[in-house]
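In the numbering used here, the protein residues as written are 215 to 329.
Here it is, written out as C-alpha cells:
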C-alpha cells in the first residue's frame with residue numbers, strides 16, 4: 215500500500231511541477247496533460263527500476279519522454295518549450311529537497327537522497 219501511495223504522490227508532484235512551469239510562462243498546459251506527463255515519467259522510472267537497471271539509467275530514461283510529451287502538448291516554439299522544461303526541473307528540484315530531507319520521500323530523484 216505504501217508503494218502505491220508513493221507512486222501516486224510522485225505522479226502528482228511531477229505533474230504539478232509541469233503544470234506550474236507552464237502556468238508561470240502562460241503556456242496553458244491543462245492539468246490533466248501535466249498529470250499524464252507525470253504518469254508517463256514516473257511509470258517509466260518505476261519500470262526501469264523494477265528491471266534492476268543502474269541508478270543512472272533510472273534517472274536518465276524518463277527525461278526524453280517528459281521532454282517529448284511536453285513539446286507535443288505545448289505546441290510552442292522550441293525556445294519556449296525548453297524554458298518551460300528548465301523551469302519544470304527547477305520546481306521539481308525545489309519540491310524534492312523538503313520531501314527527501316524532511317519526509318524521507320526519495321521517489322522524485324532517487325539518486326539524490328537527502329536524509
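Built from N, CA and C at the ideal position, the CB exists for glycine as well. All values reported here derive from a predicted model rather than from experimental measurement.
Segment limits, alpha helix (DSSP H) that includes residue i
i: residue 264; result: 245-264
i: residue 318; result: Looking at the DSSP string, residue 318 is not in any alpha helix (DSSP H), and its letter there is neither H nor E.
i: residue 240; result: Residue 240 -> no alpha helix (DSSP H), and no H or E assigned at all.
For residue j and residue i, believed in contact at Cβ under 8 Å, the rounded distance
i: residue 239; j: residue 311; result: Contact flag wrong, Cβ pair sits at about 22 Å.
i: residue 225; j: residue 249; result: 7 Å
i: residue 303; j: residue 276; result: Between residue 276 and residue 303 the Cβ distance is about 12 Å, and since that is not below 8 Å, they are no contact.
Any non-hydrogen atom of the ligand SAM closer than 6 Å to residue i Cβ
i: residue 313; result: The model depicted lacks the ligand SAM and carries no ligand whatsoever.
C-beta contact flag for residue i and residue j at 7 Å
i: residue 289; j: residue 256; result: no
i: residue 231; j: residue 298; result: no
i: residue 295; j: residue 306; result: no
i: residue 245; j: residue 233; result: yes
i: residue 283; j: residue 251; result: yes
i: residue 243; j: residue 287; result: yes
* Run through the region 265-299 for me and flag every whole alpha helix (DSSP H) of 4 or more residues, listed as ranges in chain order. => Those alpha helix (DSSP H) runs which fall completely within the region 265-299 and span 4+ residues are 269-274 and 276-288.
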